[in-house]
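Visitor:
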Amino acid sequence: MSVSSRFYIGIHILSLLEVNKEGNNSSEMIADSVNTHPVIVRKVMGMLKKSGLVLVTRGKAGATLARDLSEITLFDVYTAVNAVNDNNLFNIQEKPNPDCPVGKNLQGTIEPIFSLAQRALEKVLENVTLQDIVVDLDKDSD
């Protein structure tokens, strides 16, 4: 089971763009905040731009939000950065032993449960906006 770190990085980038909207939002500055390489930030930023979540300009300004924080959900970020490979949050063994009574039947039994669990996660993400995140960040800095 794995959600790509691009999801966390995407949330970090978008939150930082709001908190630092009057400042320098270059990929180098953002990378310093995320504590990662600027190339990774540029890759994630490209995904966010393609999804219409950020506007990217060359030069010192760097990037800005394309929409208001209250209009961007965590699900928007999740889908923008392909947080889950092949839309499968849970990995299922592709070739279990067909002679095993568990191996030959488990995939069909567990797949619908995993799908429901992934959908539950996605519904939660649909109901949380970046504004919710940034408001909580402000509370923590007091």
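Just add 22 to the spot in the sequence shown (first one is 1) and you have our numbering.
Every residue gets a Cβ at the ideal spot worked out from N, C-alpha and C, and that includes glycine.
Fair warning: this is a prediction, and the values are worked out from it, not measured in the lab.
Give me the DSSP bridge partner(s) of V78.
Guide: Looking up residue 78 in the sequence shown gives position 56. For V78, which the question treats as bridged, DSSP gives the partners A85.
Visitor: What is the C-beta distance between N47 and G84, in whole angstroms, given that I count them as a contact (C-beta under 8 Å)?
Guide: What you label residue 47 is simply residue 25 of the sequence shown in a count that begins at 1. What you label residue 84 is simply residue 62 of the sequence shown in a count that begins at 1. Correct: roughly 4 Å between the Cβ atoms.
Visitor: Can you give me the Cβ contacts of P118 inside the same chain, cut-off strictly under 7 Å, excluding the 5 residues immediately before and after it?
Guide: Numbered from its first residue, the sequence shown carries residue 118 at position 96. Closer than 7 Å at the Cβ level, and outside the excluded window around P118, lie G125, K126, L128 and Q129.
Visitor: Output needed for N167: all residues of its chain with C-beta closer than 8 Å, excluding positions within five of it in sequence on either side, in chain order.
Guide: Only positions 23 to 164 of the chain appear in the structure, and residue 167 is not among them; the question remains open.
Visitor: Taking only three categories from DSSP, how would you classify T131?
Guide: Reading the sequence shown from its first residue, position 109 is the one you call residue 131. The answer is helix: DSSP assigns T131 an H, G or I state.
Visitor: Is it true that the stretch 129-141 meets the stretch 152-160, where meeting means three or more beta-carbon pairs spaced less than 8 Å apart?
Guide: They do not touch, by the three-pair rule.
Visitor: DSSP has T95 in a bridge; who is on the other side?
Guide: In the sequence shown, the residue the question calls residue 95 occupies position 73. DSSP output for T95 lists T151 as bridge partner(s).
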